[in-house]
Every structure is written in C-alpha cells, then in structure tokens.
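Trainee: Quick one: the structure is below, and I'll ask about it shortly.
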Amino acid sequence: MNSTVAEPIVAARGIHKHFGHLHVLKGVDLEVAERELVFVIGPSGSGKSTLLRCLNRLEEPSAGNITVAGIDMLDPRTDINHARQHIGMVFQSFNLYPHMTALGNVMLALRKVAGKSRTEAEKLAQAALERVGLADRADHRPAELSGGQQQRVAIARAIALEPRVMLFDEPTSALDPELVGSVLAVMRSLRESGMTMIVVSHEMGFARAAADRVVFMDHGLIVEQGPPAQIFESPAHERTRAFIGQIRQH
Amino acid sequence: MSAWDRFLKTFFNTEVMAKYLPDILQGMVVTIELALLIVVSGIGAGLVLALIRSLAIRPVNWLIIFVVDLFRSLPPLVIIVLIYFGLPAAGISASAFVSTWLSLSLVLMSFAEEIFWAGITSISRGQWEAARSTGLSFGQTLFNVILPQALRLTVAPLTNRTIAITKGTALGTVVALHEILGMASSAVSNSYNPSPLMMAAAAYLVLFLPVVVGARWIEARFAWKR
Amino acid sequence: MEEIVQSFFNAEIAQAAMPIVLAGLLNTVLLSLLVVPLGLIGGLILALLAQVKGPLVRWALISWVDFFRAFPPLVLLILLFAGLPFAGLELSGFACVAIAFFLNTGAYYGEILRAGIDSIPRGQVEAARSTGLSGLQTMTWVVLPQAVRNVLPDLLSNTLEVVKLTSLGSVVAVPELLFQARQAQSVTYNPTPIVMAAVIYFLILWPVVRLLSRLENRASAGRA
Numbered sequence: 003m004n005s006t007v008a009e010p011i012v013a014a015r016g017i018h019k020h021f022g023h024l025h026v027l028k029g030v031d032l033e034v035a036e037r038e039l040v041f042v043i044g045p046s047g048s049g050k051s052t053l054l055r056c057l058n059r060l061e062e063p064s065a066g067n068i069t070v071a072g073i074d075m076l077d078p079r080t081d082i083n084h085a086r087q088h089i090g091m092v093f094q095s096f097n098l099y100p101h102m103t104a105l106g107n108v109m110l111a112l113r114k115v116a117g118k119s120r121t122e123a124e125k126l127a128q129a130a131l132e133r134v135g136l137a138d139r140a141d142h143r144p145a146e147l148s149g150g151q152q153q154r155v156a157i158a159r160a161i162a163l164e165p166r167v168m169l170f171d172e173p174t175s176a177l178d179p180e181l182v183g184s185v186l187a188v189m190r191s192l193r194e195s196g197m198t199m200i201v202v203s204h205e206m207g208f209a210r211a212a213a214d215r216v217v218f219m220d221h222g223l224i225v226e227q228g229p230p231a232q233i234f235e236s237p238a239h240e241r242t243r244a245f246i247g248q249i250r251q252h
Numbered sequence: 338m339s340a341w342d343r344f345l346k347t348f349f350n351t352e353v354m355a356k357y358l359p360d361i362l363q364g365m366v367v368t369i370e371l372a373l374l375i376v377v378s379g380i381g382a383g384l385v386l387a388l389i390r391s392l393a394i395r396p397v398n399w400l401i402i403f404v405v406d407l408f409r410s411l412p413p414l415v416i417i418v419l420i421y422f423g424l425p426a427a428g429i430s431a432s433a434f435v436s437t438w439l440s441l442s443l444v445l446m447s448f449a450e451e452i453f454w455a456g457i458t459s460i461s462r463g464q465w466e467a468a469r470s471t472g473l474s475f476g477q478t479l480f481n482v483i484l485p486q487a488l489r490l491t492v493a494p495l496t497n498r499t500i501a502i503t504k505g506t507a508l509g510t511v512v513a514l515h516e517i518l519g520m521a522s523s524a525v526s527n528s529y530n531p532s533p534l535m536m537a538a539a540a541y542l543v544l545f546l547p548v549v550v551g552a553r554w555i556e557a558r559f560a561w562k563r
Numbered sequence: 104m105e106e107i108v109q110s111f112f113n114a115e116i117a118q119a120a121m122p123i124v125l126a127g128l129l130n131t132v133l134l135s136l137l138v139v140p141l142g143l144i145g146g147l148i149l150a151l152l153a154q155v156k157g158p159l160v161r162w163a164l165i166s167w168v169d170f171f172r173a174f175p176p177l178v179l180l181i182l183l184f185a186g187l188p189f190a191g192l193e194l195s196g197f198a199c200v201a202i203a204f205f206l207n208t209g210a211y212y213g214e215i216l217r218a219g220i221d222s223i224p225r226g227q228v229e230a231a232r233s234t235g236l237s238g239l240q241t242m243t244w245v246v247l248p249q250a251v252r253n254v255l256p257d258l259l260s261n262t263l264e265v266v267k268l269t270s271l272g273s274v275v276a277v278p279e280l281l282f283q284a285r286q287a288q289s290v291t292y293n294p295t296p297i298v299m300a301a302v303i304y305f306l307i308l309w310p311v312v313r314l315l316s317r318l319e320n321r322a323s324a325g326r327a
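One line per chain: the protein sequences are X, E and C, in this order. Just so you know, the first sequence maps onto residues 3 to 252 in our numbering. Just so you know, the second sequence maps onto residues 338 to 563 in our numbering. Just so you know, the third sequence maps onto residues 104 to 327 in our numbering.
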C-alpha cells in the first residue's frame with residue numbers, strides 16, 4: 003500500500019458530529035489515497051453513513067477538517083456546489099428523480115452544474131449510461147426500471163460528472179438478492195478504471211475481492227483498519243471479531 | 338291556466354327573461370373577470386409564499402403561517418364585509434370589485450400556500466440529497482427536482498379549492514357588486530318576478546359546470562401513479 | 104394611528120356591541136350544530152347510494168354532486184329564500200339555510216365519504232359477510248368506521264368550511280354572528296363590531312386550522 007507516500011485525495015481529521023444530544027462521530031480520522039477502494043463496515047448506528055455524508059457536507063460536521071481533492075470542504079468560502087460535482091454519491095434508496103427519464107436524471111447536473119450544452123450533456127449522459135450497461139434504457143422512467151437498474155442509473159448520474167471520488171452509502175441494501183450482482187459488477191469495473199471509492203456496505207465478498215482497506219467503525223470511532231484479509235481473518239479487537247462473526251452467520 | 342302554465346309563467350317568464358338577459362350577461366362578464374383575476378393572483382401569491390417558506394427563515398415563516406391561518410379561519414364573507422365597510426373608516430376606499438377580488442385572492446393564496454407547501458414537504462429528503470450531492474444549488478434543486486414533482490401532487494386539491502373559492506364571487510352581491518347574482522337580485526325586485534334568478538342559476542352552471550367536470554378529469558389524470 | 108384604533112378597535116363601541124355580537128355567536132354555534140349533522144346525513148345518503156352499482160345510479164349521483172359543486176351556495180340560498188315565495192312557499196331564512204346546507208354540503212360530504220368507503224379493501228366486506236353479518240351490518244360496523252377514520256382530515260376540513268359558510272345566513276336575516284355584527288355596525292357607524300366578529304371566528308376556528316395543518320403534514324411525511 004502506497005497511501006502513506008502520496009498526498010491523500012480525501013483527508014478527514016478529527017470529525018465530530020452531534021445530532022442534538024446524540025454524539026454520532028467522536029473524532030474520526032480517515033485518509034484515502036488516490037485510486038484506493040476503502041470499505042467501511044460496522045453495526046448500524048456506528049456512524050459510518052454519517053461519516054460518508056460529512057465528506058460531501060450533506061451533513062455539517064460539528065468539528066474537524068475535511069479536504070477532498072485539495073479543496074477545503076468546510077471553508078465557508080468554498081463553493082460547495084462546485085466541489086460536490088467532484089464527489090459522486092450513490093444512495094441506499096437510489097433517489098432517482100421520478101419525473102425524469104434515466105437520461106434526464108444523468109443530464110440534469112451536467113447541464114446545470116457543469117454548464118454543458120444540451121447536445122454535449124446528452125452525449126456524456128449517454129456514455130455514462132453505456133458504462134453501467136443501460137444505454138438501451140435511456141428513455142425509461144425510474145418507475146419502469148428494476149431496483150438494480152435504478153441503482154446503476156444513479157451511479158451513471160454520479161460518474162457522468164467525472165468525479166475524483168465516489169461515495170457509496172449501502173448501495174445494495176435495498177435490492178433484491180438477485181439484483182445485487184449487476185450493481186457490484188458496475189462497481190468493480192469502476193474500480194478497475196482506477197476510481198477512488200469509499201464504500202459503506204455489508205457485501206463482505208465484494209470487500210474481500212476488491213477492497214484495498216477495510217475500516218471497522220463502532221460507536222462513532224474507527225476501531226481498527228487494515229487489508230481485508232487481516233480484518234476478516236484475524237481482527238485485533240474483540241468488537242471487530244464479534245461483528246465479523248455476526249455477519250458471517252447470515 | 339293550468340298549474341304548470343302558471344309555474345312556467347312565474348319562473349321562466351320569457352318576457353322578463355328577454356328584458357333582463359343583457360343585465361345577466363353583463364354580470365357574467367364581471368364574474369368571469371373577477372374569477373380569472375382571483376385565480377391568477379391567489380395561486381401566484383400562494384406559490385410565492387410557499388417558495389419563501391422553503392427558505393426556512395424562522396421569523397418570516399411564523400409570519401407566513403399566521404397570515405395563512407388567519408385567512409383560512411375567517412369566513413370569506415366576513416373578510417369581504419370587513420374590507421368593504423372597514424377600509425373607508427381607515428381612509429382607504431375600495432370598490433366592491435376590489436374588495437371582493439382582494440378578499441378572495443387572500444383566501445385562495447392561503448389555501449394554495451398550504452397545498453403547495455404540503456406538496457413540497459411530501460417530496461422525500463433523498464431527492465434533495467441526491468440533487469445537492471451532484472452539485473445542484475438549493476434553488477436549482479427546488480426548481481428542477483422538487484417543484485416538478487410537488488406541483489403534480491397539488492393539481493387535484495388545488496383545482497377543487499380554486500373552484501370552491503371562485504364560486505364565492507357571488508358573495509360580492511353583499512357589497513353591491515354587479516356580478517351575476519347582484520344583477521339578478523335587483524332584476525327580481527324591479528320586475529317582481531323570479532325568472533332572473535333562474536337565469537342567474539343557469540349562468541353559474543354554464544360557467545362552473547364545465548370547470549367541475551374538467552376537474553374530475555384532471556383528478557383522474559393526475560392521480561399519482563408509481 | 105389614533106384614528107385607526109378609534110375606527111376598528113373602539114373600546115366603547117365594543118363594550119356596547121358585545122351582547123349583540125355574543126348573541127350572534129350563540130346562534131352561529133346552534134346553526135353549526137344543526138347544519139353539520141344535516142350535511143353529514145345528506146352525504147351519508149349519497150355515499151351509500153353510490154354503493155349501488157349500475158350506470159344509471161352512478162351517472163345520477165355524479166350529476167347531482169357536480170351540480171352542487173358548480174352552484175354557489177349563496178345562489179342556492181337566495182333561490183330558496185327569494186324564489187320559493189313566488190311559488191307560494193314562504194320559508195324562514197333559517198329553514199332556507201338548513202335546506203341549502205343539506206343539499207350543498209351534503210354533496211361535499213358525500214364525495215368524501217364515498218372515497219373513504221372505496222378505500223376499504225373488498226376483503227373486509229367478504230370477511231364480515233362470511234361471518235354472517237348482513238350487508239347493512241357490514242357497512243355499519245366494519246366498513247364505515249374504517250372509512251371515516253381514513254378520511255377524517257377531509258371530513259374535518261369540510262366541517263371547517265361548513266361552519267365558515269354559516270355566515271351566509273346573514274344574507275337571509277338569520278341572526279348569526281356576522282348578521283349581528285353588521286346590525287351593530289349599522290347602528291354605530293363604526294366597523295369595530297365586524298372586527299369583533301372576525302376575531303371571534305379566528306379564535307374559534309384557528310385551532311381547527313392548526314390541527315388540519317398538522318394532519319396534512321403527518322400524511323405527507325408518511326408518504327415520503
């Protein structure tokens with residue numbers, strides 16, 4: 003692993019997040035190198051999704067520093083909308099715009115944020131749909147697509163903006179088991195193209211095969227991290243061991 | 338003369354009807370003008386208020402909620418009477434037309450704001466988050482992603498409410514507005530014959546029945562299909 | 104400023120007008136207690152008739168409801184009050200209000216109740232009938248209670264409109280709140296009594312409006 007050598011593309015330091023009285027993140031440090039795929043696991047309520055949502059400031063951290071691709075995300079002078087087009091995000095519930103076609107979903111930010119012309123946006127959107135294997139579904143509305151197809155359109159919507167980093171928030175949790183594979187296949191091909199990815203997910207098989215590093219979070223802190231083999235086979239902490247044991251049973 | 342003939346001669350007296358037809362038609366023009374103005378200003382103002390409310394500025398929202406609640410609580414006739422008889426005492430005189438237009442616009446504005454707001458808040462958080470995560474600004478998200486979905490939800494309730502409120506133009510009679518009912522009422526007392534009232538009833542049906550039937554069609558068409 | 108207070112919030116006039124206005128409030132409450140049940144009964148009749156399948160009944164009901172949705176209630180009221188005497192039938196303003204509301208608000212309540220009944224799955228009826236309940240018993244004990252619960256916000260919203268609509272009684276000399284306030288205004292040449300009426304309406308109906316907003320927001324949160 004060369005993540006210590008190169009300047010990290012994502013650097014979050016001392017991240018705290020409070021929701022009212024709830025202290026959800028208690029000082030998390032996370033660095034991600036370019037082209038690295040980091041897998042974040044942990045029990046529900048451990049703060050992993052919140053951490054992900056802090057990275058593109060969908061949640062406002064209560065304290066800490068975040069730099070993504072050299073941009074200070076928490077600086078009030080930062081144009082957050084401009085910064086966000088370089089950080090793709092994929093949601094558990096897809097969140098496709100139901101009133102637009104698949105192509106329209108992908109084109110919207112290309113037109114409004116990246117300022118592309120209609121024809122260029124259409125070309126880029128079509129290419130993005132091609133990458134997720136849905137070129138022939140461009141004119142379909144979300145309601146006419148399967149869950150797996152919807153999630154692939156959502157991935158196309160993010161990658162069309164040519165992000166430097168992709169955030170995946172439990173991308174397969176809402177899918178029927180037989181549809182998970184198609185989404186993971188797209189994620190794998192993204193990985194092979196060299197995309198930097200941070201993935202919150204319970205897909206252990208995928209983590210084992212594709213992740214460079216697995217991060218285990220519990221109670222708002224990173225408990226331990228390391229290569230997948232190490233975390234899954236010989237975790238150092240009791241809590242990690244218990245969690246891995248639990249998900250193995252399923 | 339049979340009872341039926343007497344009935345016809347009383348309620349559908351052709352002579353009286355012919356004489357007062359121009360008056361009723363004139364009243365229809367006033368009703369149509371008034372109704373269209375109320376629809377434009379009421380729904381327009383309601384949408385603007387809902388958009389301002391989405392900015393979530395606390396004191397501003399409290400004010401909006403109070404105004405909207407006020408005009409939803411007061412009977413429209415009370416508002417019309419208050420504006421028409423009240424404003425001159427404050428040194429502002431408003432004609433019957435202006436009083437009725439202003440009152441019903443305020444009422445429609447308030448109901449429309451509530452309907453638009455309910456539509457906006459019914460769109461899931463995930464839609465906002467997905468759009469913002471691709472770099473769309475608050476305004477771009479509101480206009481390109483949220484409103485198109487929200488407006489669809491509002492079509493049916495808004496249509497029904499708009500019909501109910503624009504029908505209220507008849508209330509203008511109380512402040513001597515020369516719309517259909519007002520014209521008919523004075524015709525009845527002048528001719529001492531109820532036929533003008535029957536014409537007025539027919540005039541309202543001619544104006545509003547197509548709208549009601551259209552609303553039924555819209556309701557079926559815009560029912561949210563998932 | 105002084106002038107506005109003198110005109111709209113004149114304490115002296117308010118004091119003098121108070122008994123007149125309060126008498127009106129009492130009548131508004133009584134009138135509401137009469138016309139809301141009347142409208143509900145009318146609506147229930149329509150909703151039950153709508154359960155009779157067949158194109159003729161269906162079209163007759165749709166025509167009936169659409170007619171009253173298109174017809175301004177004030178016009179209906181004037182028609183009864185000023186028109187019927189020509190047919191030799193002279194009704195009091197109070198009776199005219201009762202009839203007009205039975206017809207007009209009945210149509211609205213009918214639409215709401217019908218939608219509520221339609222929202223109950225067929226299986227409920229089948230289950231009830233399979234235990235030996237009659238059609239009427241099934242409607243009374245199984246379908247209607249659920250239907251009413253499903254459309255409670257709409258029923259409440261319509262009831263709010265009905266109570267506001269009782270102000271139309273003032274046009275046919277029913278001594279309800281607005282009528283009394285206008286009487287007091289015409290005697291005193293000062294709009295303070297009308298402001299009083301408005302304040303009373305607001306104080307009584309505001310809680311209902313708040314509640315309705317709450318219910319609406321909860322419904323939309325449920326959808327999200």
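Note that CB positions come from ideal geometry on N, CA and C, so glycine has one too.
1) Anything in chain E within Cβ reach of glutamate 319 of chain C, meaning under 8 angstroms, just list it in chain order.
2) Select from C:Ile148, C:Leu271, C:Leu180 and C:Ser237 the residue whose C-alpha is nearest the C-alpha of isoleucine 215 of chain C.
3) Would you call the CB atoms of leucine 179 of chain C and alanine 203 of chain C closer than 9 angstroms?
4) Can you give the beta carbon distance from glycine 47 of chain X to glycine 29 of chain X, rounded, assuming they're within the 8 angstroms contact cut?
5) Who are the Cβ neighbours of arginine 498 of chain E in its own chain at under 8 angstroms, not counting the five residues just before and after it?
6) Counting along the chain, where does the alpha helix (DSSP H) carrying phenylalanine 245 of chain X start and finish?
7) Keeping to the same chain, check which residues put their C-beta closer than 7 angstroms to that of asparagine 293 of chain C; ignore five residues upstream and five downstream.
8) Among X:Ile89, X:Ile43 and X:Ser64, which one has its Cα closest to the Cα of arginine 243 of chain X?
9) When the Cα of glutamine 249 of chain C is compared with those of C:Phe170, C:Val265, C:Leu183 and C:Val228, which residue comes out closest?
10) For a test of the three-state rule: what should DSSP assign to methionine 219 of chain X, helix, strand or coil?
11) Could you tell me which residues DSSP puts in a beta bridge with phenylalanine 170 of chain X?
12) Taking all protein chains shown into account, do 16 or more other C-beta atoms lie within 10 angstroms of the C-beta of lysine 156 of chain C, making it buried, or fewer, making it exposed?
13) For the alpha helix (DSSP H) that contains glycine 196 of chain C, what are its first and last residues?
14) Using 8 angstroms as the cut-off, can you tell me whether the segment 219 to 239 of chain X makes contact with the segment 55 to 65 of chain X, which would need three or more C-beta pairs spanning the two stretches below that distance?
15) Taking Cβ to Cβ, would you say serine 64 of chain X is nearer than 9 angstroms to valine 202 of chain X?
16) According to DSSP, is glycine 186 of chain C helix, strand or coil?
17) Excluding the five sequence neighbours on either side, which residues of its own chain have a C-beta within less than 8 angstroms of the C-beta of glycine 217 of chain C, listed in chain order?
18) Which stretch, first to last residue, makes up the beta strand (DSSP E) that contains lysine 28 of chain X?
19) Answer with buried or exposed for valine 543 of chain E, where buried requires no fewer than 16 other C-beta atoms within 10 angstroms of its C-beta.
20) Hey, does valine 482 of chain E have any beta-carbon neighbour from chain X nearer than 9 angstroms?
21) Just to confirm my understanding: we take leucine 143 of chain C, look at its own chain, exclude 5 residues before and 5 after, and list those with CB closer than 7 angstroms. What are they?
22) When Cβ atoms are compared, which residues of the segment 75 to 107 of chain X fall closer than 7 angstroms to chain E?
23) Would you please verify whether the beta carbon of isoleucine 401 of chain E is less than 9 angstroms from any beta carbon of chain C?
24) Candidates X:Val40, X:His204 and X:Leu98: which alpha carbon is nearest threonine 471 of chain E's?
25) Grab me the residues of proline 176 of chain C's own chain with a C-beta within less than 7 angstroms of its C-beta, minus the 5 sequence neighbours each way, in chain order.
26) Which term fits tyrosine 304 of chain C, buried or exposed, when burial requires 16 or more other beta carbons within 10 angstroms of its beta carbon?
27) When you compare the segment 251 to 263 of chain C with the segment 304 to 321 of chain C, are there three or more beta-carbon pairs, one atom per stretch, that lie closer than 8 angstroms?
28) Would you mind telling me which residues of chain E sit closer than 7 angstroms to arginine 159 of chain X, beta carbon to beta carbon, in chain order?
29) Who does glycine 228 of chain X pair with in a DSSP beta bridge?
30) Say whether chain E places a C-beta atom closer than 9 angstroms to the C-beta of asparagine 253 of chain C.
31) Are leucine 136 of chain X and valine 155 of chain X closer than 9 angstroms when you measure CB to CB?
32) Take the Cβ of valine 139 of chain C as the centre, count every other Cβ of all protein chains shown within 10 Å, and call the residue buried at 16 or more, exposed below.
33) Between serine 440 of chain E and chain A, is there a C-beta pair that is closer than 9 angstroms?
34) Closest by CA to alanine 211 of chain X, which one among X:Pro10, X:Val26 and X:Val40?
35) Name, going along the chain, the residues of the segment 361 to 387 of chain E whose beta-carbon falls closer than 8 angstroms to a beta-carbon of chain X.
36) Near glycine 66 of chain X, what residues of its chain come up, given a Cβ to Cβ distance below 7 angstroms and the 5 sequence neighbours on each side ignored?
Mentor: In short, the structure shows the following:
1) Here the question's residue 319 of chain C lines up with position 216 in the third sequence. Contact annotation for glutamate 319 of chain C against chain E: Glu451 and Ala455 [CB-CB distance below 8 angstroms, chain order].
2) Taking the third sequence and counting its residues from 1, one reaches residue 215 of chain C at position 112. The alpha carbon of isoleucine 215 of chain C has as its nearest neighbour, out of C:Ile148, C:Leu271, C:Leu180 and C:Ser237, the alpha carbon of C:Ile148.
3) Taking the third sequence and counting its residues from 1, the one referred to as residue 179 of chain C is at position 76. Taking the third sequence and counting its residues from 1, the one referred to as residue 203 of chain C is at position 100. Yes. Within cutoff.
4) Indexing the first sequence from 1 puts residue 47 of chain X at position 45. Indexing the first sequence from 1 puts residue 29 of chain X at position 27. Contact doesn't hold; Cβ gap of about 17 angstroms is too wide.
5) Translated into the one-based positions of the second sequence, residue 498 of chain E becomes position 161. Leu445, Phe448, Ala449 and Ile452.
6) Translated into positions along the first sequence, residue 245 of chain X becomes position 243. Run containing phenylalanine 245 of chain X: 240 to 250, per the alpha helix (DSSP H) assignment.
7) For the purposes of this step, residue 293 of chain C is taken as the residue at position 190 of the third sequence. Taken in chain order, the residues that qualify are Ser110, Asn113 and Ile116.
8) Locating residue 243 of chain X in the first sequence gives position 241, counting from the first residue. Arginine 243 of chain X has its Cα closest to that of X:Ile43, out of X:Ile89, X:Ile43 and X:Ser64.
9) Within the third sequence, the letter at position 146 stands for residue 249 of chain C. The shortest C-alpha separation from glutamine 249 of chain C is found at C:Val228.
10) Here residue 219 of chain X refers to the residue found at position 217 of the first sequence. In this structure, methionine 219 of chain X counts as strand in the three-state DSSP scheme.
11) Position 168 of the first sequence holds residue 170 of chain X. DSSP output for phenylalanine 170 of chain X lists X:Val92 and X:Val201 as bridge partner(s).
12) The residue given as residue 156 of chain C occupies position 53 in the third sequence. Exposure of lysine 156 of chain C is indicated by the presence of fewer than 16 other C-beta atoms within 10 angstroms of its C-beta.
13) For this step, residue 196 of chain C is matched to residue 93 along the third sequence. Counting along the chain, the alpha helix (DSSP H) containing glycine 196 of chain C begins and ends at 196 to 221.
14) Output reads no: the segment 55 to 65 of chain X does not touch the segment 219 to 239 of chain X.
15) Position 62 of the first sequence holds residue 64 of chain X. Position 200 of the first sequence holds residue 202 of chain X. With a cutoff of 9 angstroms on beta-carbon distance, serine 64 of chain X and valine 202 of chain X are scored as not near each other.
16) Taking the third sequence and counting its residues from 1, one reaches residue 186 of chain C at position 83. Look at glycine 186 of chain C here: in three-state DSSP terms it is helix.
17) Stepping through the third sequence from its first residue, residue 217 of chain C is reached at position 114. A small correction: the amino acid at residue 217 of chain C is arginine; glycine does not occupy that position in the sequence shown. Its chain contains Leu149, Ala150 and Ala153 as the residues whose beta carbon lies nearer than 8 angstroms to that of arginine 217 of chain C, once the 5 sequence neighbours on both sides are disregarded; these appear in chain order.
18) Within the first sequence, residue 28 of chain X is the residue found at index 26, counting from 1. Note, lysine 28 of chain X: beta strand (DSSP E), 24 to 34.
19) Residue numbering aside, residue 543 of chain E sits at position 206 when the second sequence is read from its first letter. An exposed status is given to valine 543 of chain E, since fewer than 16 other beta-carbon atoms sit within 10 Å of its beta-carbon.
20) Start at 1 with the first residue of the second sequence, and residue 482 of chain E comes out as number 145. Closer than 9 angstroms to some Cβ of chain X, the Cβ of valine 482 of chain E qualifies, so yes.
21) Translated into the one-based positions of the third sequence, residue 143 of chain C becomes position 40. Once the five neighbours on either side are set aside, the close Cβ partners of leucine 143 of chain C are Tyr212.
22) Within the segment 75 to 107 of chain X, the residues whose Cβ lies closer than 7 angstroms to some Cβ of chain E are Asn83, His84, Arg86, Gln87, Met91, Phe93, Ser95, Asn97, Tyr99, Pro100 and His101, listed in chain order.
23) For the purposes of this step, residue 401 of chain E is taken as residue 64 along the second sequence, with counting starting at 1. Interface residue (Cβ-Cβ distance to chain C less than 9 angstroms): isoleucine 401 of chain E is not classified as such.
24) For the purposes of this step, residue 471 of chain E is taken as residue 134 along the second sequence, with counting starting at 1. Comparing Cα positions, the closest option is X:Leu98.
25) Residue mapping note: residue 176 of chain C aligns to position 73 of the third sequence, counting from 1. Excluding its 5 nearest sequence neighbours in each direction, proline 176 of chain C has C-beta neighbours in its own chain below 7 angstroms: Ala203, Asn207, Leu268 and Leu271, listed in chain order.
26) Residue mapping note: residue 304 of chain C aligns to position 201 of the third sequence, counting from 1. Buried, since its Cβ has 16 or more Cβ neighbours within 10 Å.
27) Using a C-beta cut-off of 8 angstroms, the segment 251 to 263 of chain C makes contact with the segment 304 to 321 of chain C, since at least three inter-stretch Cβ pairs fall below that distance.
28) Numbered from its first residue, the first sequence carries residue 159 of chain X at position 157. Close to arginine 159 of chain X, with beta-carbon spacing below 7 angstroms, are these residues of chain E in chain order: Thr471.
29) As a first step, residue 228 of chain X is located in the first sequence; it is residue number 226 there, counting from the start. Beta-bridge pairing by DSSP links glycine 228 of chain X to X:Val216.
30) For the purposes of this step, residue 253 of chain C is taken as residue 150 along the third sequence, with counting starting at 1. Residue contact check for asparagine 253 of chain C against chain E: no CB pair falls below 9 angstroms.
31) Residue numbering aside, residue 136 of chain X sits at position 134 when the first sequence is read from its first letter. Residue numbering aside, residue 155 of chain X sits at position 153 when the first sequence is read from its first letter. Taking 9 angstroms as the Cβ cut-off, leucine 136 of chain X and valine 155 of chain X qualify as a contacting pair.
32) Numbered from 1 along the third sequence, position 36 holds the residue referred to as residue 139 of chain C. Valine 139 of chain C is buried by the Cβ-count criterion.
33) Reference to chain A is not applicable here, since the protein chains of this structure are X, E and C.
34) For this step, residue 211 of chain X is matched to residue 209 along the first sequence. Ranking X:Pro10, X:Val26 and X:Val40 by Cα distance to alanine 211 of chain X puts X:Val40 first.
35) Going along the segment 361 to 387 of chain E in chain order, one finds no residue with a Cβ nearer than 8 angstroms to chain X.
36) On the first sequence, residue 66 of chain X is found 64 positions in, with the first residue counted as 1. Excluding sequence neighbours, glycine 66 of chain X sits near Ala14, Arg15, Gly16, Ile17 and His18.
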